[in-house]
Amino acid sequence: MKISSLLLTLTVCLLYTSCTSEPPAKPTNLTQEVMIPKPVSVTASGGMFTLTEATTIRTQGNFKEIAQVAQHLSDYLAPATGFSFSVESGDGESGDGHILLQLDEADTELGDEGYELNITEEALTLTAPQPAGLFRGLQTIRQLLPSEIEKNSPQEMNWNIATGTIRDYPTYEYRGAMLDVARHFFQVEDVKRYIDLMAYYKLNNLHLHLSDDQGWRIEIKSWPKLAEYGGSTQVGGEGGGHYTQEQYSDLVEYAQDRFITIVPEIDMPGHTNAALTSYPELNCSGKAAELYTGIEVGFSTLCTDSEVTYQFVDDVIRELAALTPGPYIHIGGDESHATPIEEYIPFVNRAQDIVRKHGKQVFGWDEIANAELVENAVVQYWAEAENATKAIEQGGKVIMSPATKTYLDMQYDSTTELGLHWAAYIEVDSAYIWEPTEMVEGLGREHILGIEAPLWSETVTNMDEIEYMAFPRLIGIAEIAWTPAADRQWEDYRTRLGQHAPYLKALEIDYYASDLVDWER
Ligand code: TNX
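This is how it looks when you write it as structure tokens:
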């Protein structure tokens, strides 16, 4: 070899830390592992656990839900490792090289979704008071393994995990995302992918915005034209569609299996043009409205002083409640500019009673706090601080969705092609650097049930675009909802997010590669 090329090789070797083609080994210090959301506590013990062909998954206690979680674990790990994990239940002798899932209701500090992950050279033990906690813990295990674990075909890798202990639980009980399937309709498969990605970041509520001026997206058997006609179009005109009740139930079950609750929204009395096109009797004029494919808001209203309107609301909520195992029905209530306030208030009062009559808790946008809130009502703050204050004065709980921070349809900056910017441009730092308890004066931790990031879909037409707008901002929102405020610093998060990039790639997420982050290649 010539001296010059030897020098070149040496320089290249010095620039890169290693000259072998082997991927760098994962660190052996658990405290240096990148996890998002950042766990509450991590201690390292300096060793290494290795997942091999011989590793078994064991469950302690014969609960159907533990077996389900164990099956998820096997499904997560099998494709990339190529190992066929045997799942063994019962209290049998635990041999070496196993993953044990067990419940311990006595560990109350961990709550409904917390978990403890204990990693030794011999075993990985995941313990939680509830099955949901075990499921959240699985997501941590995925992030501790090399990013190749997310690939769909067998990879040649050492599947090492640093040893130590993680104890972890969420700060907020409600950690949500909203998908607007009304402005543009998204197929069941897309919603399932969104659910999978939410689960990976330990989110637990998916709010589906099922109706708006541009489309009605859920089959209502007693009012069939809502979906058939009212759902026949979308923004821009072409396409549209709706979920049959069977498809919708399949989605609910898919989410439930991942410990995610679906919060269905029927927006009223405004944002109702799709319903008004389907049934003339819902209009005060008695004449059906025309299908709408633009993106204006605030022009439609149900006829609030006609009894048929309340028959309609009752039928819709009754059918929706029957499809909903979760506690909430969201009645919208936002931007009802075409409904005079003296009609809006009695309408919202009656709509709330109907939700209660069908056994559900009321959820609504912050404007509903102008009415008399029923017991246990949840108010979603998006714009008006005054409304959030009215909500807590009436004993309601608040979900924080400030448009200037959590709206995933807002553009990142002025060069973003998709999205809107009426509330703000929201770069990745801005979506992360905010504190829920400091948004509205007088609104403290005890008033806040949680956080939700809505993705409105006026400009968003397919899954790639959903991912581009949601990621990475939704990841930061998930961390705000999970991780204690004292452990959240932008610089630290920015570094972790950059190091997390190989996982985003392996998950094939079409994320926005903001210049603010040094993305690891
Ligand atoms: C405001 S936020 C709306 C939606 C729009 C969104 C667009 C809220 C409760 N209402 O109808 O889709 O802005 O960013």
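In the numbering used here, the protein residues as written are 55 to 575.
Just so you know, even glycine gets a beta-carbon here, dropped at the ideal spot from N, CA and C.
Among the options, nearest to residue i - alpha-carbon criterion
| i | options | result |
| --- | --- | --- |
| isoleucine 274 | Gly291, Ser303, Asp250, Lys256 | Ser303 |
| alanine 328 | Gln86, Ser128, Tyr283, Ser360 | Tyr283 |
| leucine 251 | Ala560, Asp407, Glu202 | Ala560 |
| tyrosine 522 | Ala177, Gly285, Leu462, Asp369 | Leu462 |
| arginine 271 | Gln241, Phe103, Tyr297, Gly290 | Tyr297 |
| phenylalanine 240 | Gly552, Leu509, Ser99 | Leu509 |
| alanine 437 | Glu227, Met454, Asn430 | Met454 |
| asparagine 212 | Tyr254, Thr104, Ile422 | Thr104 |
| glutamine 299 | Asp564, Ala375, Val141 | Ala375 |
| glycine 101 | Ser95, Tyr130, Val94, Leu84 | Leu84 |
| histidine 412 | His554, Gln301, Gly380, Ala507 | Gly380 |
| asparagine 430 | Val289, Ser468, Thr82, Ile502 | Ile502 |
| glutamate 506 | His261, His126, Tyr130 | His261 |
| isoleucine 395 | Ala423, Asp407, Gln406, Asp311 | Ala423 |
| arginine 542 | Gly530, Ile314, Ala134 | Gly530 |
| phenylalanine 366 | Leu280, Arg221, Gly165 | Leu280 |
| glutamate 492 | Pro456, His263, Ile520 | Pro456 |
| valine 245 | Ile520, Leu528, Tyr557 | Ile520 |
| aspartate 266 | Asn259, Pro278, Gly294 | Gly294 |
Start-to-end residues for the beta strand (DSSP E) that takes in residue i
| i | result |
| --- | --- |
| phenylalanine 434 | Before going further, note that residue 434 is glutamine rather than phenylalanine in the sequence given. Here the beta strand (DSSP E) through glutamine 434 covers 432-435. |
| arginine 229 | 228-234 |
| alanine 342 | Here alanine 342 belongs to no beta strand (DSSP E), and DSSP marks it neither H nor E. |
| glutamine 114 | 110-114 |
| histidine 261 | 259-263 |
| methionine 493 | No beta strand (DSSP E) contains methionine 493, which DSSP labels as neither H nor E. |
| valine 452 | 451-454 |
Whole-Å CB distance - residue i paired with residue j, under 8 Å assumed
| i | j | result |
| --- | --- | --- |
| histidine 391 | phenylalanine 417 | Their Cβ separation, rounded to whole angstroms, is 21 Å, which puts histidine 391 and phenylalanine 417 out of contact at 8 Å. |
| valine 432 | tyrosine 382 | 7 Å |
| threonine 537 | threonine 225 | 7 Å |
| serine 143 | alanine 121 | 6 Å |
| isoleucine 215 | leucine 198 | 5 Å |
| tyrosine 223 | proline 91 | With 8 Å as the limit, tyrosine 223 and proline 91 do not qualify as a contact, their Cβ atoms being about 11 Å apart. |
| proline 323 | phenylalanine 401 | 5 Å |
| alanine 177 | tyrosine 169 | Incorrect: roughly 15 Å between the Cβ atoms, too far for contact. |
| glycine 387 | isoleucine 320 | With a Cβ gap of about 10 Å, glycine 387 and isoleucine 320 do not count as contacting. |
| arginine 229 | alanine 532 | 6 Å |
Beta-carbon gap between residue i and residue j smaller than 8 Å
| i | j | result |
| --- | --- | --- |
| glycine 504 | alanine 535 | yes |
| threonine 363 | proline 318 | no |
| valine 409 | isoleucine 446 | no |
| arginine 548 | valine 514 | no |
| aspartate 420 | asparagine 403 | no |
| glutamate 344 | threonine 326 | no |
| threonine 109 | isoleucine 153 | yes |
| alanine 186 | isoleucine 249 | no |
| tyrosine 479 | proline 526 | no |
| alanine 124 | leucine 157 | no |
| threonine 347 | glutamine 268 | yes |
| valine 242 | leucine 305 | yes |
| isoleucine 487 | tryptophan 573 | no |
| glutamate 373 | serine 276 | yes |
| arginine 550 | valine 141 | no |
| glutamate 389 | glycine 352 | yes |
| threonine 217 | serine 99 | yes |
| glycine 496 | threonine 443 | yes |
| serine 568 | tyrosine 435 | no |
| alanine 253 | isoleucine 314 | yes |
| arginine 190 | glutamate 167 | yes |
| valine 289 | glutamate 512 | yes |
| arginine 247 | methionine 464 | no |
Host alpha helix (DSSP H) of residue i (start-end)
| i | result |
| --- | --- |
| tyrosine 346 | Run containing tyrosine 346: none; DSSP gives neither H nor E here. |
| glutamine 465 | Where glutamine 465 is concerned, there is no enclosing alpha helix (DSSP H), given that its DSSP letter is neither H nor E. |
| proline 556 | 555-560 |
| phenylalanine 401 | 395-411 |
| histidine 475 | No alpha helix (DSSP H) holds histidine 475; DSSP gives it neither H nor E. |
| histidine 581 | This structure cannot settle anything about residue 581, because the visible part of the chain is limited to 55 through 575. |
| glutamine 86 | No alpha helix (DSSP H) holds glutamine 86; DSSP gives it neither H nor E. |
| serine 332 | 327-332 |
| methionine 523 | 517-524 |
| phenylalanine 366 | 361-376 |
| tryptophan 536 | 527-536 |
| proline 185 | 185-198 |
| leucine 280 | 279-282 |
| glutamine 249 | Reading off the sequence, residue 249 comes out as isoleucine, not glutamine. 242-254 is the extent of the alpha helix (DSSP H) around isoleucine 249. |
Closer than 7 Å: residue i CB and nearest the ligand SAM heavy atom
| i | result |
| --- | --- |
| aspartate 388 | In the structure shown, the ligand SAM is absent; the only ligands present are the ligand TNX. |
Below 8 Å, can you find three or more Cβ-Cβ pairs linking the region 332-340 to the region 354-361?
Result yes; three or more Cβ-Cβ pairs closer than 8 Å.
Are there three or more Cβ pairs, one per stretch, closer than 8 Å when the region 227-242 is compared with the region 105-120?
With a cut-off of 8 Å on Cβ pairs, the region 227-242 is not in contact with the region 105-120, counting fewer than three such pairs.
Closer than 8 Å is the cut-off here; do at least three beta carbon pairs connect the region 190-207 with the region 460-479?
Output reads no: the region 460-479 does not touch the region 190-207.
Counting beta carbon pairs with one atom in the region 201-213 and one in the region 478-490, are three or more of them shorter than 8 Å?
These segments do not touch.
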